[in-house]
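Start counting the sequence shown at 1; every next residue gets the next number (my numbering).
All C-beta atoms, glycine included, are put in the ideal place defined by N, C-alpha and C.
So the structure is just underneath, and the comments pick up after that.
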Amino acid sequence: MDKVNWIKGSILLGAGLLLFGCATVEDVQILDNDLRRLQLQMNTIQSQLSGIQKSGQKDEGLKKEIAKEMASYQKKNQEEIAAQQNEIQKVKSDLSLRMETLQSEVRVISTGLEEYKDYAKRPSREIDRVKEDLAPRMKLLEEREKALTEREKLQDSQFRALEERLKGIEDRLKALDGKIATLSSKAAEPERLSPTKEASPEIKGVSTGAGDLYRDAYGAFQKGNLEVARRKFEAFLKQYPNTDLSDNAQFWIGETYYLKKDFEKAILEYEKAIAKYPEGDKIPAALLKQGLSFLELGDKTNAKSLLRRVVERYPLTEQAEVAKKRLGAIK
Numbered sequence: 001m002d003k004v005n006w007i008k009g010s011i012l013l014g015a016g017l018l019l020f021g022c023a024t025v026e027d028v029q030i031l032d033n034d035l036r037r038l039q040l041q042m043n044t045i046q047s048q049l050s051g052i053q054k055s056g057q058k059d060e061g062l063k064k065e066i067a068k069e070m071a072s073y074q075k076k077n078q079e080e081i082a083a084q085q086n087e088i089q090k091v092k093s094d095l096s097l098r099m100e101t102l103q104s105e106v107r108v109i110s111t112g113l114e115e116y117k118d119y120a121k122r123p124s125r126e127i128d129r130v131k132e133d134l135a136p137r138m139k140l141l142e143e144r145e146k147a148l149t150e151r152e153k154l155q156d157s158q159f160r161a162l163e164e165r166l167k168g169i170e171d172r173l174k175a176l177d178g179k180i181a182t183l184s185s186k187a188a189e190p191e192r193l194s195p196t197k198e199a200s201p202e203i204k205g206v207s208t209g210a211g212d213l214y215r216d217a218y219g220a221f222q223k224g225n226l227e228v229a230r231r232k233f234e235a236f237l238k239q240y241p242n243t244d245l246s247d248n249a250q251f252w253i254g255e256t257y258y259l260k261k262d263f264e265k266a267i268l269e270y271e272k273a274i275a276k277y278p279e280g281d282k283i284p285a286a287l288l289k290q291g292l293s294f295l296e297l298g299d300k301t302n303a304k305s306l307l308r309r310v311v312e313r314y315p316l317t318e319q320a321e322v323a324k325k326r327l328g329a330i331k
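Okay, structure coming up:
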């Protein structure tokens with residue numbers, strides 16, 4: 001500002017000199033140059049002042065922005081401080097609750113300890129009395145446990161004995177089933193050989209060796225040795241395929257499978273007796289047993305067909321009577 005006043009003073013001084021005519025032309029030129037120079041300086045100073053004013057405005061904006069940031073920081077800082085204070089308060093409350101819980105547990109433990117001390121200070125007579133009261137009860141419990149153990153042992157022994165008896169009964173039932181099967185087969189078989197013929201060394205149409213082999217196989221069948229009997233009947237047929245006893249042997253092979261409940265194989269073996277020996281006297285029995293085998297397999301259609309054939313073709317035989325009864329029972 002001092003520099004501006006000095007410039008203004010210089011201008012006024014120059015103007016005064018011009019007014020009073022005290023200056024020369026050269027002085028006027030010099031003065032003009034000084035005025036132009038001073039004008040340029042004034043312009044420069046004014047530009048500088050404008051820049052300073054603008055800078056001041058910028059500084060003012062920066063101050064406002066800094067003030068705003070400071071206010072935001074202070075607000076955020078206050079919020080964080082408040083959150084930390086709340087957290088501290090929660091921790092204090094939690095610690096206080098834990099302390100109260102611990103104090104309560106300590107009081108309980110202290111009470112129990114005092115009660116134990118009081119109990120320990122009781123006279124030994126009272127403890128002895130309690131032991132005396134418990135002794136008969138403990139003895140009674142031991143006796144009951146011992147009796148229960150003995151009862152369990154007795155039950156185990158009885159159970160094992162019962163199992164043995166059941167096993168013996170099952171064995172006897174199996175033997176009885178074998179005997180019943182053998183008797184049933186014998187009842188259904190009007191054996192060709194009479195006792196006198198079986199005892200004879202020679203049978204009509206059968207050599208002594210064939211008769212012995214057949215009797216041996218049939219004897220195994222009568223005893224219930226089905227597997228042995230089957231092998232012996234097969235050996236007989238292999239050695240003597242066309243004797244008066246061959247159709248019988250083939251039929252008995254089918255019977256061994258039937259008694260074993262292998263009904264499909266039994267049907268095939270009966271069919272061999274029918275096909276290979278159409279003139280044999282085992283045809284009615286073979287047809288009947290085929291029908292019964294199909295019935296056991298659940299094939300009622302084939303069973304009925306075979307049973308009707310027995311009734312129609314061999315009406316005067318025992319097999320026909322059996323077939324009629326079985327047909328009446330089939331639904």
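Item                                                                                                                  : Value
Separation of K153 from A333, as counted between CA atoms                                                             : This structure cannot settle anything about residue 333, because the visible part of the chain is limited to 1 through 331.
Segment limits, alpha helix (DSSP H) that includes N248                                                               : S246 to L259
Boundaries (first-last residue) of the alpha helix (DSSP H) holding D281                                              : Where D281 is concerned, there is no enclosing alpha helix (DSSP H), given that its DSSP letter is neither H nor E.
Nearest to A275 (by Cα), restricted to the options N33, L35, D94 and Q250                                             : Q250
Contact check, P284 vs Y258, beta carbons under 8 Å                                                                   : no
Secondary structure of K223, DSSP reduced to three states                                                             : coil
Close Cβ partners of V108 (< 8 Å) along its chain, the five nearest in sequence each way excluded                     : none
The segment 287-298 touching the segment 261-270, judged by at least three CB pairs closer than 8 Å                   : yes
Neighbourhood of R309 by C-beta distance below 7 Å, restricted to the same chain and skipping five residues each side : L287
Buried versus exposed call for K282 [16 or more other C-beta atoms within 10 Å across all chains shown]               : buried
Spatial distance of L141 from E132 (CA atoms)                                                                         : 15 Å
Selected residue, minimal CA-CA separation from N225, among E255, Q29 and F236                                        : E255
CB contact flag (L327, L297, <8 Å)                                                                                    : no
Between the CA atoms of E164 and E189 - distance to the nearest angstrom                                              : No answer about E189 holds up, because its pLDDT of 43 lies below 50 and its placement is not dependable.
Straight-line Cα distance separating R215 from L237                                                                   : 13 Å
Supposed contact pair V311 and K324 - C-beta distance, whole angstroms, cut 8 Å                                       : 6 Å
Backbone secondary structure at I274 - three-state DSSP                                                               : helix
Length of the line joining the Cα atoms of F221 and R230                                                              : 8 Å
Buried versus exposed call for N33 [16 or more other C-beta atoms within 10 Å across all chains shown]                : exposed
Unbroken alpha helix (DSSP H) run spanning N302, endpoints                                                            : K300 to R313
Under the three-state DSSP convention, the category N242 falls into                                                   : coil
C-alpha gap between R144 and L97, whole angstroms                                                                     : 53 Å
Three-state secondary structure assigned by DSSP to L297                                                              : coil
Assigned secondary structure, L97 (DSSP; H/G/I helix, E/B strand, else coil)                                          : helix
Own chain residues within Cβ distance below 7 Å of K304, not counting five before or after                            : L327 and I330
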